[in-house]
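Last residue of the sequence shown: 761 in my numbering, with the numbers rising by one and none dropped. Idealized CB from N, CA, C, for every residue including glycine. As the structure is a prediction and not an experimental result, all values here were calculated from the model. Written below as structure tokens is the structure these notes are about.
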Amino acid sequence: AADDFGNVVNPMIVDGQVHGGIGQGIGQALLEAAVYNDDGQLLSASYMDYAMPRADDVPFYDVDHSCQTPCTHNPLGVKGCGEAGAIGSPPAVVNAVVDALRSMGKDITHVDMPLSPSRVWSAMNE
């Protein structure tokens, strides 16, 4: 992940926001789905039915703070970092799966999220 948080005041907080955001994005790409019945009733309304990533679903990664561009609009030069990794991680995961399928000779340009095993299997067998 790459992002610009300006001057980092508390690196541990920024690391936590990036880790959490990337975890959310991976969950959105691979696991999370709101399922409704024909009457519009939400069927995945509890944590028993709605899959979210756990710590063992997310790879280990480091957050690098070596490139900081101070914000010019406040005296501290800080920028927001709230769950920053959540924006880029879903398309990164989906594109990785699409690239893997294309490397198998499949003419695939899109797979709907979440990339469940059944959706990936279907894409492999198209």
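Among L666, G658, E667, which one has its Cα closest to the Cα of P690? Taking the sequence shown and counting its residues from 1, one reaches residue 690 at position 55. For the record, residue 690 in the displayed sequence is Ala; it is not Pro. Answer by Cα proximity: G658.
Residues sharing a beta bridge with Y671, DSSP: Residue mapping note: residue 671 aligns to position 36 of the sequence shown, counting from 1. Partner(s): L677.
Whose C-beta lies closer than 8 Å to the C-beta of D639 among residues of the same chain, with five residues either side of it excluded? The count along the sequence shown starts at 1 and reaches residue 639 at position 4. The answer, listed in chain order, is C702, Q703, T704, K714.
Opening and closing residue of the alpha helix (DSSP H) in which G715 lies: As a working mapping, residue 715 is identified with position 80 in the sequence shown. Note, G715: premise wrong, no alpha helix (DSSP H); not H, not E.
H745: buried (16+ other C-beta within 10 angstroms of its C-beta) or exposed? Taking the sequence shown and counting its residues from 1, one reaches residue 745 at position 110. H745 is exposed by the Cβ-count criterion.
By the three-class DSSP mapping on this structure, what secondary structure does G740 have? Taking the sequence shown and counting its residues from 1, the one referred to as residue 740 is at position 105. Coil.
Which residues mark the beginning and the end of the alpha helix (DSSP H) in which G662 is found? Position 27 of the sequence shown, counting from 1, holds the residue named residue 662. Run containing G662: 646-665, per the alpha helix (DSSP H) assignment.
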